[in-house]
Amino acid sequence: MKAPKEMITLGGLQLNFLLDGDDTDNQMVMFEFSIKPGSKVPVAHYHVDVDEAIYGLEGTMTSIVDGQTVETGPGDRLFITRGQTHYHDNFTDKETKVLCILTPASIGPAYFRELKAVIVPGTPPDPKIIGEIMLRHGLIPAT
C-alpha cells in the first residue's frame, strides 16, 4: 500500500491525503480522516459547490447534518450534499477514522495547510481568520 501523499495534523485531527486534485483532474479529493477522542471539527459549515462522502473505518464518528445526528462506524456510509450544514465529533474514548471523498476537488490539502498555519495549539482559534480561510475555499461557516 502506498503511503499518503500528504499528512496534515490539526490538534486532535489527522488527515492523510490519498488523492488530490492533481491526481484527479480536480474531480475529487480522497483522504483518511482521524479524530482523537473528545476532538471535533470546530466550526459547523456547509460547502457551496462540494459534495462529501464518508465511509467508516474505525471507531464511531458523530456528525450533525442539518440538525440530525448521524453516527458513522465501520462499514457505515454518509453522504452530505452541498448546502447541508454539518460538523463532526468524536464523543468516544477511542480514535475514529473515516475515509472522506470530496467532489469536486476544490477543498483539498491547501485549505487544511492554511488552517494549520494560523491555529496555535492551546489557544482558541480566531474565528474571523478561520472564517476568512473557509470562505476562500468554498466553505460557509454556519450562523
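Take my numbering: the last position of the sequence shown gets the number 357, and nothing is skipped along the way.
We put the CB at the ideal spot given by N, CA and C, even for glycine.
| request: Starting from the Cα of I321, find the closest Cα among Q228, A217, E272 and Q241 and give me that residue. | output: Q241
| query | Under the three-state reduction of DSSP, which class applies to M244: helix, strand or coil? | reply | strand
| query | Who pairs with G270 in a beta bridge, going by DSSP? | reply | V312
| said: With distance defined between alpha-carbon atoms, name the residue in G225, T238 and P218 nearest to L232. | reply: P218
| said: For P355, list the residues DSSP reports as bridge partners. | reply: H259
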